[in-house]
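**Q**
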């Protein structure tokens, strides 16, 4: 099994974010993703903000995960809330802004966008609405296409903690998703805005059982599948997931410029 | 779907009965093969203080060490094998590592090193191992085991060189280890001096002795595990009752008690007092064997109580349970056994494991 991860912690102001991440580390999560939401549905022409640099948080001294000796890992995530495929030009091409984020996800509000997201868009996660009755059905063809592309579906559990009506919608939407995808490629994350909204990973694995996952599948939804999402996000920066480039040292470049052309090393793909 | 929700993660309880006087009794083997023990609890009803012999064993349990940041290749190198492994039993278990998430390592007294690694580490390490039996769809955990005392592992040989290269250069693995050393002769090699380069601290197992008053104890018949007559309790009910007593849970079933509605199984008798002794630490099977024998000798003189209990808990994050059976952690990592010792030298042995575990031997 992989380590436990929580892939959705809302990006709030610094002190609050630090306390949420500290609580997550105390609960046993080894990695968290700080979620920046870009709401294209409400505000058109909005610029996607730059991600928060996690070195600034905790002044470099990250909290240690309870039960181990390693510090918690923080990754950045972008969620684009959209209802129209035209909003999502950002995700088709290698946009400058989405490149800065480790994980990119889309929150489709309409069926058309859901379909496009499953088949065409370059995302890692598709968020499933848990706060209201699902306006469209999940078509099995689209869901299977997303699964074969390595895209995961995300269910958030904090709305269920906040309100009882949302609890019903969470479970019914989750069960509807299970019908289409048979429990594959699901992750469960918190979407927490306060430290009190976080729950321990084993509790969330138990919650997964309520959503219709199997015992092992529910535990995987908080661990193995989250790891797969982060790796999928990492492959976006590579060619076919095999080759990646990194900037060469500037000093090396200067030394090489003085050598004759035949003796200069060719650029190496690592 | 509601049917599946009613089920809890599977767990196994194996109960067997035998006698200490029987020649093919396997009690020593069971104790010896459960290598990593975290807690030992002894319950003796109708007894106000621990018997003297038991007390003297408990005072002399030996110490264990927590050594931080030990590179794994130090436990594989030639010097270590000749100094410790050939001269006694050496137990080492990685500390602060969770078996379902991180890499873990254990050195068994038989000379086998078991390393349980996650997928990324396995692929980087380059040593051959098996995928875990408790993987979901794709294997995410691998178990590498190597016999350090085998002739194929002779220093200088190809296998030895490969392992040293993998552990020292390719992917250096470091763990905090809990270690204990039981030398077979008097010329003991000193663990402290061998690991002097690392941060080492010595610990003694902590002992807590409590006298319980007015507790209800189930009536048992040593020949009858399943309680076919209504005159005694069956082994499973007794096992649950042991858990209640050792964790000091209330079993009054008060109307105002929202935490526990547990009642002692019938038939039971109320006992004036009982001694409960709990030992916590890194406890060696050799010492547990001494405790078990002493408990057996307790009944050589006539005693009021018909039975006494010795329960042993294994580490939740240990890579192995009995022998080299793989241990997994699903939602609980319990692997424990308990001996119910009877007046007539019969015993019941109950072994329990959790979800990601094979059947105990």
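Protein chains in written order, with the numbering used here: chain A, 1 to 270; chain B, 1 to 361. We treat Cβ as the ideally placed atom computed from N, Cα and C, and that holds for glycine. This structure is a prediction, so every number in the text was calculated from the model and none was measured.
1. Figure out for me which residue from B:358, B:333 and B:355 has the closest Cα to the Cα of residue 38 of chain B.
2. Report the neighbours of residue 1 of chain A on chain B: residues whose CB is nearer than 7 Å to its CB, in chain order.
3. Starting from residue 286 of chain B, trace the alpha helix (DSSP H) in both directions and tell me its first and last residue.
4. What is the residue span of the beta strand (DSSP E) that residue 350 of chain A lies within?
5. Report yes if the C-beta distance between residue 307 of chain B and residue 15 of chain B is below 8 Å; otherwise report no.
6. Going along the chain, which residues of its own chain have a beta-carbon closer than 8 Å to the beta-carbon of residue 18 of chain A, five neighbours each way excluded?
7. List, in order along the chain, the chain B residues whose C-beta lies closer than 8 Å to that of residue 209 of chain A?
8. Of the residues B:3, B:7 and B:20, which one's Cα is nearest the Cα of residue 339 of chain B?
9. Can you tell me which of the three DSSP states residue 270 of chain A falls into?
10. Where in the region 12–47 of chain A do unbroken runs of the beta strand (DSSP E), each at least 3 residues long, occur, reported from the N-terminal end onward?
11. Pop quiz: residue 54 of chain B and residue 352 of chain B are said to be a contact at Cβ under 8 Å. What is the actual Cβ separation, rounded to whole angstroms?
12. Could you tell me which of A:20, A:37 and A:7 sits nearest to residue 31 of chain A, measuring between CA atoms?
13. Run the CB neighbour count on residue 268 of chain A, radius 10 Å, all protein chains shown included, and call it buried at 16 or more, exposed below.
14. Rounded to whole angstroms, what is the Cα-Cα separation between residue 133 of chain B and residue 191 of chain B?
15. What is the DSSP secondary structure of residue 392 of chain B, reduced to helix, strand or coil?
16. By Cβ distance, which residues of its chain are closer than 7 Å to residue 28 of chain A, with the 5 residues on each side in sequence left out?
17. What are the residues that DSSP puts in a beta bridge with residue 140 of chain A?
18. Count the other C-beta atoms from every protein chain shown that fall within 10 angstroms of the C-beta of residue 165 of chain A, then say buried if there are 16 or more, exposed otherwise.
19. Determine the direct distance from the alpha carbon of residue 179 of chain B to that of residue 226 of chain B, and round the result to whole angstroms.
20. Please check if any C-beta of chain A sits within less than 8 Å of the C-beta of residue 136 of chain B.
21. Can you tell me the Cα-Cα spacing of residue 213 of chain B and residue 202 of chain B, whole angstroms?
22. Strictly under 8 Å for the Cβ-Cβ distance: is residue 30 of chain A near chain B by that measure?
23. Would residue 160 of chain A count as contacting chain B if we go by Cβ distances under 8 Å?
24. Give a yes or no on whether the minimum CB-CB distance between residue 23 of chain A and chain B is below 8 Å.
25. So with CB distances below 8 Å, who are the chain A contacts of residue 94 of chain B?
26. Is the beta carbon of residue 76 of chain B closer than 8 Å to that of residue 163 of chain B?
27. When DSSP labels each residue in this structure, what does residue 140 of chain B get in the three-state scheme?
28. Any idea if residue 287 of chain B is buried or exposed, counting beta-carbon neighbours within 10 angstroms, 16 or more meaning buried?
29. What does residue 228 of chain B touch in chain A if you count any residue whose Cβ is under 8 Å from its own?
30. Got a sec, what are the start and stop residues for the alpha helix (DSSP H) residue 201 of chain A sits in?
31. What is the DSSP secondary structure of residue 95 of chain B, reduced to helix, strand or coil?
32. Whose CA, out of B:250, B:269 and B:10, lies closest to the CA of residue 359 of chain B?
33. Report buried or exposed for residue 250 of chain B, applying the criterion of at least 16 other Cβ atoms within 10 angstroms of its Cβ.
34. Note down, in chain order, every chain B residue with its Cβ under 9 Å from the Cβ of residue 220 of chain A.
35. Please report whether the beta-carbon of residue 153 of chain A lies at a distance below 8 Å from any beta-carbon of chain B.
36. Quick one: does residue 331 of chain B have its CB under 8 Å from some CB of chain A?
**A** Looking at the atomic coordinates:
1. Out of B:358, B:333 and B:355, B:333 has the C-alpha closest to the C-alpha of residue 38 of chain B.
2. Within chain B, the residues near residue 1 of chain A are 100, 101, 140 and 141.
3. Run containing residue 286 of chain B: 285–298, per the alpha helix (DSSP H) assignment.
4. The first residue shown for chain A is 1 and the last is 270, placing residue 350 of chain A beyond what the model contains.
5. Cβ distance not < 8 Å, so residue 307 of chain B and residue 15 of chain B don't count as in contact.
6. 57 and 58, listed in sequence order.
7. What residue 209 of chain A touches in chain B: 4 and 5.
8. With respect to the C-alpha of residue 339 of chain B, the residue from B:3, B:7 and B:20 having the closest C-alpha is B:20.
9. Since pLDDT at residue 270 of chain A reaches only 43, below the 50 mark, its modelled position is unreliable, and the value read off the structure follows with that caveat. In the structure shown, residue 270 of chain A falls within a coil segment according to DSSP collapsed to helix, strand and coil.
10. With a minimum length of 3 residues, the continuous beta strand (DSSP E) runs that stay inside the region 12–47 of chain A are 31–39.
11. Wrong, their Cβ atoms sit about 24 Å apart, outside the cutoff.
12. Among A:20, A:37 and A:7, the Cα nearest to that of residue 31 of chain A belongs to A:7.
13. Bear in mind that the predicted position of residue 268 of chain A carries a pLDDT of just 44, short of 50, making it unreliable; the figure below should be weighed with that in mind. With fewer than 16 other Cβ atoms within 10 Å, it is exposed.
14. Whole-angstrom Cα-Cα distance: 35 Å.
15. In the structure as shown, chain B starts at 1 and stops at 361, and residue 392 of chain B therefore has no counterpart that could be examined.
16. The answer, listed in chain order, is 4, 65, 66, 67, 200 and 201.
17. Bridge partners of residue 140 of chain A: none, in fact.
18. By the 10 Å Cβ count, residue 165 of chain A comes out exposed.
19. Cα to Cα, residue 226 of chain B sits roughly 40 Å from residue 179 of chain B.
20. At least one chain A Cβ lies under 8 Å of residue 136 of chain B.
21. In a straight line, the C-alpha of residue 213 of chain B is about 35 Å away from that of residue 202 of chain B.
22. So, interface residue.
23. Chain B places no beta carbon closer than 8 Å to that of residue 160 of chain A, leaving this residue out of the contacts.
24. No, residue 23 of chain A does not count as interfacial toward chain B.
25. In chain order: nothing, as chain A lies at least about 11 Å away.
26. Yes, the Cβ-Cβ distance between residue 163 of chain B and residue 76 of chain B is below 8 Å.
27. The answer is coil: DSSP assigns residue 140 of chain B none of H, G, I, E or B.
28. Around the beta carbon of residue 287 of chain B, 16 or more other beta carbons lie within 10 angstroms, which makes this residue buried.
29. Those do not exist, as residue 228 of chain B stays about 34 Å from chain A at its closest Cβ, beyond 8 Å.
30. Element bounds for residue 201 of chain A: 201–210.
31. Here residue 95 of chain B sits in strand by DSSP.
32. Comparing Cα positions, the closest option is B:10.
33. That one is exposed.
34. Contacts between residue 220 of chain A and chain B, judged by CB atoms closer than 9 Å, involve 136, 137 and 140 in chain order.
35. No, its Cβ sits nowhere closer than 8 Å to a Cβ of chain B.
36. Judged by the 8 Å Cβ criterion, residue 331 of chain B is in contact with chain A.
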